[in-house]
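Each residue of the sequence shown is one higher than the one before, starting from 0 at the first, in numbering that gives the first Met the number 0.
Glycine included, each C-beta is placed from N, C-alpha and C at the ideal position.
Note that the structure is predicted; figures quoted are calculated from it, not measured.
Down below is the structure, laid out as structure tokens.
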Amino acid sequence: MLLLWLNIAEARQLFYLGQAIPDIQRPWSSGDYQHLIEALQQVNKTQANALPKRSGEFTGPIYRRMVSTENLQAQLNIYRPLESRQHEAREALFQLKELMRLYFDFTATKQPYAAEALGLMSYSLNQQAVLFTLTTEFWMSLSPSEQRNPVRLNGLTETKAGAALLTKSALDYLGLTQQFARADLVLYSAELSKQLPSLFVHLSNDTRQQLLQRINLIAKSHTYPAVRSNFASLQPVLVALQDDMQKQISASNRRPDGHKRKQQLSLDLSTSDLPF
């Protein structure tokens, strides 16, 4: 039996192939992802090709909960403490990366969970964008002395570096045409074209420039026409964002110090003392 519901002390407990997993009828936290990963690791030890799949009759609901945007709502709830929400977003992103390790086989000629691995990468970009949003809000709440604190600066620099690496990996997947089916890559490219703008504005200027170059290359030379079309549509959106950010940063540099600092904190994600 794949799935089993039990009522334990008036609480519903879901079992998947003998392993307890989080309730899929409510949003998940980072702790729920960790619980799921531990369960799926046990499943992997005893059964091959048994991880929940996107299109599975019984396992589809489990996978859809993994990548549901409802899971992000608690992190965006402004009535909860900002620092705790930022911590939760960071932990959730870490767990998603661990979950992707289960779904992506680096040694496989054909990915056994192709659609699922791409879906998790796409959702991870959403989670990264949320983390950046909360990081920006948290930074703006700090005093000037705290903003110069080396520990704070180091943590934010690591967040930015992690986002750059995640974005690079997300684009790398598009090149794995032998490992992923055409239909999966086309759908994935469409998802990326919708998600990248919200993450793009948080990246450093150098990373943004590199990203624009890669997107231009994909739009011109990818194997699949539909992927080229999706990225050709994305390209002018990102170029417009880049131009607008550069104009506003330039304008802020011509203002008095007080206005300049405020503008830098909200717009200059690469050259000011705001390292995200």
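Nearest candidate by alpha-carbon position, reference residue i, set the options
i, options, result
"Leu233", "Thr222, Pro224, Leu195 and Arg253", "Leu195"
"Tyr102", "Gly118, Glu87, Leu92 and Ala163", "Gly118"
"Ile23", "Asp31, Arg181 and Ala88", "Asp31"
"Gln177", "Pro111, Gln245, Ala49 and Ala163", "Pro111"
"Glu136", "Arg84, Ala38, Lys109 and Thr106", "Arg84"
"Phe131", "Phe179, Asn48 and Leu198", "Leu198"
"Asn215", "Ser251, Arg89, Leu170 and Glu82", "Leu170"
"Phe14", "Ser28, Arg25 and Ala38", "Ala38"
"Ile36", "Arg25, Asn48 and Pro21", "Pro21"
"Val226", "Val185, Trp138 and Leu240", "Val185"
"Ser140", "Ala163, Leu92 and Pro80", "Pro80"
"Tyr172", "Thr68, Ala49, Gln241 and Ala116", "Ala116"
"Lys193", "Gln72, Leu237, Arg213 and Asp243", "Leu237"
Burial state of residue i (16 or more Cβ within 10 Å)
i, result
"Leu282", "Outside the shown range of the chain, which is 0 to 275, sits residue 282, and nothing can be said about it."
"Lys246", "exposed"
"Asp183", "buried"
"Pro224", "exposed"
"Lys167", "exposed"
"Val129", "buried"
"Lys159", "buried"
"Thr106", "exposed"
"Glu190", "buried"
"Ala250", "exposed"
"Leu75", "exposed"
"Asp272", "A caution first: Asp272 carries a pLDDT of 30, below 50, which makes its placement in the model too unreliable to give a value."
"His258", "Confidence is the limiting factor: at His258 the pLDDT is only 49, short of 50, which leaves the residue's position unreliable, though a coordinate-based value still follows. It counts as exposed."
"Phe230", "buried"
"Ala239", "exposed"
Integer-rounded CB distance, given that residue j should sit under 8 Å from residue i
i, j, result
"Leu16", "Gln46", "6 Å"
"Ala88", "Gln126", "7 Å"
"Tyr187", "Ser121", "6 Å"
Terminal residues of the alpha helix (DSSP H) in which residue i lies
i, result
"Pro224", "Pro224 to Asn252"
"Glu115", "Ala113 to Met139"
"Asn43", "Ser29 to Thr45"
"Phe199", "Arg181 to Phe199"
"Val150", "Pro149 to Tyr172"
"Asp205", "Asn204 to Ser220"
"Gly55", "Unbroken run through Gly55: none, as it is neither H nor E."
"Tyr78", "Segment: none, Tyr78 is in no alpha helix (DSSP H) and carries neither H nor E."
"Ser144", "Pro143 to Gln146"
Residue i Cβ short of 7 Å to the ligand SAH heavy atom set
i, result
"Val226", "This structure lacks the ligand SAH, and indeed carries no ligand of any kind."
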